[in-house]
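Novice:
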Amino acid sequence: MQPTSPLTSNSTSIANLEVEVDESKPCPSSQVATQTLPQILDKTLDNTSAPILVVRRDGSPTVLDITKIRAVVEWACAGQNVNSITLEAGLTTRLRNGVTTRDIQDNLIDCALGMCSPDEPAWRYVAGRLHIWNLWKDTQVSRGFGYGNYATAVKFQLAAKRYERQILQYSTEELSEAGTWINPDWDRDYDYAGAVLLTKRYLLTDELPQEAYLTCALLLASNEQPEVRLTVARAFYEAIAQRKISLATPILANLRIPNGSLSSCFIIGMDDNLESIFAEITNAARISKNGGGVGVNVSRIRATGSWVMGKDNASGGVIPWIKLLNDTAIAVNQGGRRAGAVTVGLDIWHLDVPEFLEMQAENGDRRRKAYDVFPQLVIVDEFMRRVEAKAKWTMVDPYEVKETLGIELAEQWGNSFEAAYETIEAELDKKIKLYKQVDARELFKHIMRSQVETGMPYLAFKDTINRTNPNKHEGYIPGVNLCCESFSNVKPGVEAHCCLAAGTKVMTEKGWQAIEECDGERVLVPFKSDQDFTPVYHFETAKLIDNGVKDVYRLTLKNGRTVEATGDHKFLVRHGSQNRYRQWLTLDEIEVGDRLEIQVPEWYLPEFYSVSRNFSDAAIGWLIGDGWILDKSIGVCFGADETLALEKVVTEMAKIHEATDYHFSATTKGVPSIRIDKRTGVRSWVTNKQSFREYLTQEYGLTSGKGATKKLGKLIKSLPADRLASILSGLFSADGCVHETSNSRNYPVIQLSSASLELLNDVRECLDCFGIPSTVAYYYSSERKRSQGNLNISGWATERFMEVIGFDLCPDKTSKYERVKRSRKSEKQTYRRTSEVKSIEYIGEAQVYDLNIPNGHHFIAEGIIVHNCNLVSLNLANLESAEIADAAKLAVRILDNTIEITQPPFKDSKTHNDKYRTIGVGCMGLADWLAKRHLNYQSLAQISHLFEEVAYWCTFASMELAKERGAYAAFPGSEWSKGKLLGSKSLSEILPLTENPERWQQLSQDVQTYGIRNSHITAIAPNTSSSLVQGCTASILPAYSKFFYDKWAKGTVPIAPPFIEDCFWFYRENKSLDQKIVVKAVAVMQQWIDTGISMELLFNLNQGVYFPDEPERAVKAKDIFETLIMAWKEGCKAVYYVRTVQKDDFKENSSEGCAACAN
């Protein structure tokens, strides 16, 4: 067990201990002290001199207590392979009267750093602990308490408005319980680089590391079920705090703060118009503001010299727009934490590629330079083949190609690109005027030259990326993100489709509800899936997607139903002989005369299957039909022969009238009266009592209005089935009628007439809930000189009506129905499943929404059937083989939860998140994992097995989440749905690579059965900064060097891998490793990673590094060329930075040279 910290054991009596940097007297790194600090002090200080006074952090003086310094030194050195006396000895000359405890502590840190070396690398951990001690003391002084008061710490941060109030989902008791999980000793595991980076970049003011991790864990578990939430949160916390799982910077930095975005990476695309260009620049700014990196593809933008408004040679090409993105990245930094970061992608066929490659060169017009973006070339296989063949390559203007040939070249890849490119080249100097041909090999050399000089452009192999795209049915992937490891489908300006106007009624378990009210509601799904049309109606919990304001169209069917939707919203269309075939078509694709699938009676709600009616609510229905609510009076009327209705309705009205005396304090105490029209015999019950009016408004939502403004309203439509049926029975008893038809085989028709179209549509919605189909027709009555509408119920549906609704207050209508029915022959129960499109009209812009339905992806709207990068890394340095499965499952769950709780910077990104649920579980510390097992980067079999484990358990975890929460929205039709895994690999591709084929076969079946929660699951990020906090080597690359000093703002900081003392000879240094070895290793990993890998290549330009038998030979352009060609051929998806170690920058002594070549 690690020793308890002095602060924990005796926090009230320990002085704050830090040391000031004294440049004139550096600490001896090689000196071994033979005397203790008290012994040295006895000789150094005059026994008669006054005690040394030190100044504590709160400003108060106190007598120097040497034992406290020793306690901290021993605590910091405990368990490390260092001599604590050496650190004490280095401090003696700095103890003077008036020194601050911070000076002492800082000097201790500097001494520890000064003694750090390849022989004694553990001093960096001592310095890290002393830095953490600093943080503990500063926090305690600032806020008055340290560890052990987590619930208080949360309240403290909330009061300072630093914490997201979502944490208040947890009670004080739960927060206190969670606080007991905190282990302060885990703070002792950081080396100096990790401790400094953690405190400076990730911690909030007055926050301790374990509090930050625990708060993150609680928030990440906040959308879990209440009964398991704390259990899940504890598992998250222990994995994060013990550095087995590394949270990406946006999650660790932004999760706890208000309105923080948790996604690391975003990819957006610009279209060739001003609206799209400036919209995406704004989106890039919002992303950067919230801490995300941005990938922008500009390949659709017309080239330099292209046409603008019919004028040739008018376009300035892509560079001016890239410069705007460049300046946006400078102006909008990532919440002040780090500079904004934007990678700009351009397809290799674009006419502006040569200038794109020169836009960061020093020479040329500075107005056409962009030095702060990260250029990226999107390369197709055809180009690489022509590079190998030294063939010609044609660069063209996308605008001209689209205008003359109708080809959107940016959307093409693979075979479709090759066919389109062949067509384009056949039209050169004919339809295609603006083009340039170059030698493909020379263009590739230009790219390589730029990479050697600047490290960029990144290379994205478009065909390889899209071949393994699981969502080919939804589009294509245009390029890669900022770090080249994460990507998914993108189109300019639009990240999702399927939008219905606000107010659209959706059938839910509670009946019809407006779509904007359906978030979290259980929505009726009529079919098994949106591809399997087996009628299996069931309910799924819906997630509301706010898609903003868009152009909306009104679609009207001949049965009277209407729905308002965007042009890209999908509807289920029936066609073919007897309308037997079904197909999802967008509104833009639908024509007048098409037949749409509509709600059928068998899809009624269980609550509405059987009901019992009452006269109290039936009386309200009669009031709606044959009554009035005016400013001066309220009343109901009855025909001369409506005796039962008079008796029941007046009785119920009197009860309500009397009851309102006790429940309402009205000023008007009206007395009801019965009036009789002597001419017609019509009897009326009338009152002007104000409290009676208030009752009707409060209980039923009824307000003043004439016949044409009548409606049922939200309150009535949300009543339980029994009460709703009673109101409808009263309404039909008052205003309904039974019609005979001329066809002797037909049932009678039940009809409701009203001057209010809104009332008739309200009634139709309610009847739908009971499984009673009806139609509404509205027309102008010349006899009445006003508009009039009828709701008709016909055929066997009238039987269902009589069973659950009926004419309870009008027995004459019941008798007529029975008489007419008896005179008719039996009719087979049939109903229309479709209705013909009557019209489609544009109605303007409107707020629109969609619903994400986990299993089914379709629902019922207005009676019509409609459709509707987040990163963490596994720290391999801290994971044993047996822990990978559990860590992978936790990582997938963490990232899926972030999708639910994040607040994306703009609406399209939220829609994209909800639609694809893209995550990226990566790995870091591979070099440590290999060294610990005495392996190297040529141990390809072991590397393959490791990443197979990661891939299997991450995919398995996403499948299990699909069981629990549903598949991602775009799963139907995806490669996953076809049984393919790892993005788009068939079992025939996977099984030869594994020693355990049975589990992959079973997983394929399970994914087809249950779906997959996330469309992309694994992606390996560079982790350059976060790996320092995690105490491991970055990503999957070899360590740059076994030991080196990095230049930071406050000086140099020692950097070394975690197992350098025990496994020194098994670390391979990247600066002296042939990069073809790295490419082969990455290619093996890529077989198991469904998205991408940040593959950085490092070429050492010094002689003899890669060729020990040829000491005069240095790496040549040919070697770099062969390495890049190998990366493409081996199936790597992208090349991140290409870095170089320049000549004369690589000086090592002979022993270090041997170390580099070892193993």
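Numbering (our numbering), first residue to last: 54 to 1212. Cβ coordinates follow ideal geometry from the N, Cα and C atoms, glycine included.
1. Assuming the contact rule is C-beta atoms closer than 8 Å, Tyr1035 and Val945 should be a hit. Round their C-beta distance to whole Å, please.
2. How many Å lie between Asn134 and Trp1029 at the Cα?
3. Taking the alpha-carbon positions, what's the Tyr488 to Val449 distance?
4. Report back the beta-carbon spacing between Val735 and Gly688 to the nearest angstrom; my notes put them in contact at under 8 Å.
5. Quick check: the region 1088-1098 against the region 563-572, are there 3 or more CB pairs under 8 Å?
6. Looking at the secondary structure, which residues open and close the beta strand (DSSP E) in which His792 lies?
7. How would you call His965, buried or exposed, if buried means at least 16 neighbouring beta carbons within 10 angstroms?
8. Run through the DSSP bridge pairs and tell me what Asp400 is partnered with.
9. Just to confirm before moving on: does the CB-CB distance between Ser827 and Leu812 stay below 8 Å?
10. Please state the DSSP three-state secondary structure of Leu256.
11. Hey, Ile105 and Arg155: beta-carbon distance below 8 Å or not?
12. Would you tell me roughly how many angstroms separate the C-alpha atoms of Glu933 and Ile947, rounded to the nearest one?
13. So, Ile518 versus Lys1133, is the Cβ gap smaller than 8 Å?
14. When DSSP labels each residue in this structure, what does Gly783 get in the three-state scheme?
15. Assuming Thr268 and Ile220 are in contact, meaning their beta carbons sit under 8 Å apart, how far apart are those beta carbons, in whole angstroms?
16. Tell me the DSSP bridge mates of His591?
17. List the residues that DSSP assigns as beta-bridge partners of Gln804.
18. Tell me the start and end of each unbroken beta strand (DSSP E) in the region 734-763 that is at least 3 residues and wholly inside, in chain order.
19. According to DSSP, is Cys537 part of a helix, a strand, or is it coil?
20. Just to confirm, is the Cβ distance from Ile320 to Asn534 under 8 Å?
21. Mind checking whether Leu410 and His499 have CB atoms under 8 Å apart?
22. Can you tell me which residues form a DSSP beta bridge with Ile598?
23. Could you pull out every residue in the same chain whose Cβ sits closer than 6 Å to the Cβ of Lys376, ignoring the five residues on either side in sequence?
24. Out of curiosity, what's the CA-to-CA distance linking Thr381 and Asp259?
25. As a quick exercise: from Trp681, Val371, Thr476 and Ile996, pick the residue whose alpha carbon is nearest that of Lys455.
26. Given that a residue counts as buried once 16 or more other Cβ atoms are within 10 Å of its Cβ, and exposed if not, what is Lys1033?
27. Could you check whether the region 606-623 touches the region 891-907, counting it as contact only if at least three pairs of C-beta atoms, one from each stretch, sit closer than 8 Å?
28. Take Cys537 as the anchor and find which of Ser997, Thr153 and Gly975 has the nearest alpha-carbon.
29. Taking buried to mean at least 16 other C-beta atoms within 10 Å of its own C-beta, is Ala292 buried or exposed?
30. Quick one: Cα of Val281 to Cα of Ala274, how far?
31. Would you mind giving the Cβ-Cβ distance between Ile1043 and Trp1053, rounded to the nearest angstrom? I have them listed as a contact below 8 Å.
32. Alpha helix (DSSP H) containing Ile1070: first to last residue?
33. For a test of the three-state rule: what should DSSP assign to Met560, helix, strand or coil?
34. Using the Cα positions of Asp425 and Glu415, report the straight-line distance between them to the nearest angstrom.
35. Only counting the same chain, and skipping five residues up and downstream in sequence, which positions put a Cβ closer than 7 Å to that of Glu1183?
36. Using 10 angstroms around the beta-carbon of Trp1118, count the other beta-carbons present and answer buried if the total reaches 16, otherwise exposed.
Specialist: Looking at the atomic coordinates:
1. Position check: residue 1035 holds Leu in this sequence, whereas Tyr was assumed. No, Leu1035 and Val945 are not in contact; Cβ-Cβ is about 14 Å, not under 8 Å.
2. In this structure, the straight-line span from the alpha carbon of Asn134 to that of Trp1029 is close to 51 Å.
3. Approximately 5 Å, taken between the alpha carbons.
4. Contact between Val735 and Gly688 does not hold, since the beta-carbon distance rounds to 11 Å and is not under 8 Å.
5. Touching, no, given that fewer than three Cβ pairs across the two stretches are closer than 8 Å.
6. Counting along the chain, the beta strand (DSSP E) containing His792 begins and ends at Gly789 to His792.
7. By the 10 Å Cβ count, His965 comes out buried.
8. Answer is Val431, bridged to Asp400.
9. Going by C-beta atoms, Ser827 is not nearer than 8 Å to Leu812.
10. Note: Leu256 maps to coil in three-state DSSP.
11. Contact: no.
12. Whole-angstrom Cα-Cα distance: 20 Å.
13. No, the pair does not count as a contact, with Cβ atoms beyond the cut-off.
14. In this structure, Gly783 counts as helix in the three-state DSSP scheme.
15. Under the criterion of beta carbons closer than 8 Å, Thr268 and Ile220 qualify as touching, at roughly 6 Å.
16. Note: His591 sits in a beta bridge opposite Val578.
17. Gln804 is bridged by DSSP to Cys790 and Asn845.
18. Listed in chain order, the complete beta strand (DSSP E) runs (minimum 3 residues) inside the region 734-763 are 736-740.
19. Looking at Cys537 - three-state DSSP - the assignment turns out to be coil, as it is neither helix nor strand.
20. Yes, they are a contact pair.
21. Taking 8 Å as the Cβ cut-off, Leu410 and His499 qualify as a contacting pair.
22. In the DSSP assignment, Ile598 forms a beta bridge with Asp903.
23. Cβ contact annotation for Lys376 (same chain, cutoff 6 Å, sequence separation greater than five): Ala423, in chain order.
24. For Thr381 and Asp259, the distance between alpha carbons rounds to 32 Å.
25. Lys455 has its Cα closest to that of Thr476, out of Trp681, Val371, Thr476 and Ile996.
26. Lys1033 should be labelled buried.
27. Cβ pair count under 8 Å is three or more, so yes.
28. The shortest Cα separation from Cys537 among Ser997, Thr153 and Gly975 belongs to Gly975.
29. Classification for Ala292: buried.
30. Roughly 9 Å between the two C-alpha positions.
31. A Cβ-Cβ separation of about 5 Å places Ile1043 in contact with Trp1053 under the 8 Å criterion.
32. From DSSP, Ile1070 is part of no alpha helix (DSSP H); its letter is neither H nor E.
33. In this structure, Met560 counts as strand in the three-state DSSP scheme.
34. Their Cα atoms are separated by approximately 13 Å.
35. Cβ neighbours of Glu1183 within its own chain (closer than 7 Å, five residues either side excluded): Val1132, Lys1133 and Ala1136.
36. So Trp1118 counts as exposed.
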